[in-house]
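Inspection log for the structure reproduced underneath, given as structure tokens.
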Amino acid sequence: TVIAARALSAISGTLLILTSFLIAREFFKSKKVALISALMVAVSPWAIFYSQGAFEGNLALLAFSVGIYLWLRFTNTDEKKYFFFSLAFFVFSMYSYQAPRFVAPLFVGISIVSQKFWWKKWRLWISGFFLALALSLPQLFLITSPAGYHRAIGVSLFSRGETPPGYSSQLGDWQKLYLAPREFLSLYLHYFSPSNLFWQNDYNPQRRVEGYSVFYLWQLPLLLIGVWAFFKKKIKDAKYFLFWLALAPIPAALTADPFHTYRAILLFLPLTLLTALGFGQLLSLISKMKNLVILVSLVGILYSVFAYLFGLLELTPITRWRDWDYGYKEVSQFIKDQPSTLRVVIDDPNTESYIHLLFNQVIPISEYQEVASFKVGGEYYKNPDVLRPEKVGRFEFRSVDWPTERGDKETLFVFPSNRLYPSEFSGDPKLNLEKTVYSPSGEPAFYIIKTISKNSQ
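All residue numbers for the sequence shown refer to UniProt numbering, where the first residue is 1 and numbers rise by one.
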């Protein structure tokens, strides 16, 4: 069900509120700032968006954040159990999403060598290394296969076929030695850009709510105050906070996308903690008007949350329905009502629609497993591109050559409305428009067309 698919992400987002409280209290030694941090996480557009959908990265963020908290407990108490539990959660986060696979090992390594006389605990570090290695073994075997590194290489800034900006064919490939790092630095700084964080938002329309970015605009001055307060105060664990802040956007910056909020999800919490620190500092500076400021702030926060939820839950389905593959539920229900022997062809150049039919229980799981067992068990680990099936039983998922295939007998064709125009099937006695699936905006989303044989006319 939809609820079951989204439950893990929603639970992770809810637990992140508590985790942010614990981390803020550990970093800043202030219950007030910790409570504000929990509030900021609860109302943040970044947190709400990724908690509302089925995003495994939200679980990775929670596990990584718990690892940070346990690491702070270890450094503040010197109790070894916190060190080992911290490593366990860091490894767990690496199973959940790609970004922690890069950030977690770097954070632990840099944090260790930054400690005074760190080499005196070499036995502890070696024990931790072997624990992390043992916990990571299943993942390490996968990472070294094409299936493991396929996605990372596919989006990497350094493995793409295009030349970096500023490249001149007359000067040769040696330019890439400085052009590629320059592009990486530019992309890295995108994740600290106020325009991206507070009003421009993600480049991908699927991860965008009109009029909002990942933080509310009113949080910008709080963030600036928080940065000032952070460097003004003598925070014992400041270096670990800075390591976290500096490392979090690197996986996203290593890809060619300008501002990818999902790949940079580990950046969310440190920026939110700085915002909370800024709010706490503001309350301290205007202590005489503190109650009034709190009241006005709560009213403003409630308004911001309701306005954002209206945009997310009401406007986005109307303006972004195609980006979210709207209509497959209705298509699936229609197909279920058709004869079980009818051939079904879905026009889908990316061959991703099979996922929707599996989720909606249109395709028998046994038939899919029969097709996928060979690919997942064998070829997938050599060439993950073959994982998406083009044919499962009577169902086909591919690009349709309509001029040549419109004569196929007794076939149900499913076309996204932007892939076939009504003029291409209207008026043909051998074709019957069985159903038009409409989007929330009232526009056609899918055309379901059946070819008719002479005997059935």
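Where a beta carbon is used, it is the ideal one built from N, C-alpha and C, also for glycine.
Per DSSP, glutamate 396 is paired with what?
-> Val345 and Lys391
Pick from Tyr212, Tyr328 and Val344: whose alpha carbon is nearest that of leucine 312?
-> The option with the nearest alpha carbon to leucine 312 is Tyr212.
Given that a residue counts as buried once 16 or more other Cβ atoms are within 10 Å of its Cβ, and exposed if not, what is alanine 229?
-> buried
What are the residues that DSSP puts in a beta bridge with phenylalanine 334?
-> Answer is none; phenylalanine 334 lacks a bridge partner.
Tell me whether phenylalanine 306 is buried or exposed, calling it buried when 16 or more other Cβ atoms sit within 10 Å of its Cβ.
-> exposed
Is it the case that the Cβ atoms of tyrosine 82 and phenylalanine 74 are separated by a distance below 8 Å?
-> yes
Report buried or exposed for alanine 276, applying the criterion of at least 16 other Cβ atoms within 10 angstroms of its Cβ.
-> buried
Can you grab the Cα-Cα spacing for the pair serine 426 / glycine 442, in whole Å?
-> Straight-line spacing of the CA atoms in serine 426 and glycine 442 works out to 20 Å.
Roughly how many angstroms separate the alpha carbons of isoleucine 225 and leucine 357, rounded to a whole number?
-> 50 Å
CB-CB under 7 Å to valine 41, same chain, minus the five flanking residues each way: which ones, in chain order?
-> Leu16, Ile17, Ser20, Ala47 and Thr272
Hey, leucine 412 and arginine 343: beta-carbon distance below 8 Å or not?
-> yes
According to the neighbour-count rule (16 or more other Cβ atoms, all chains shown, within 10 Å of its Cβ), is methionine 94 buried or exposed?
-> buried
Taking the C-alpha atoms as reference points, what is the distance between tyrosine 368 and valine 392?
-> 6 Å
Expected contact under 8 Å - CB spacing of leucine 220 and valine 103 to nearest Å = Not really, about 25 Å apart at Cβ, beyond 8 Å.
State yes or no: is the C-beta of serine 37 within less than 8 Å of the C-beta of alanine 24?
-> yes
In angstroms, rounded to a whole number, what distance separates the CA positions of glutamate 434 and leucine 179?
-> 55 Å
For serine 366 and alanine 238, the rounded distance between their alpha carbons = 54 Å
With DSSP run on the structure shown, which of helix, strand or coil describes asparagine 432?
-> DSSP, reduced to helix, strand and coil, places asparagine 432 within a strand of the structure shown.
With a cut-off of 8 Å, do at least 3 Cβ pairs link the region 396-407 to the region 276-287?
-> No, the region 396-407 is not in contact with the region 276-287.
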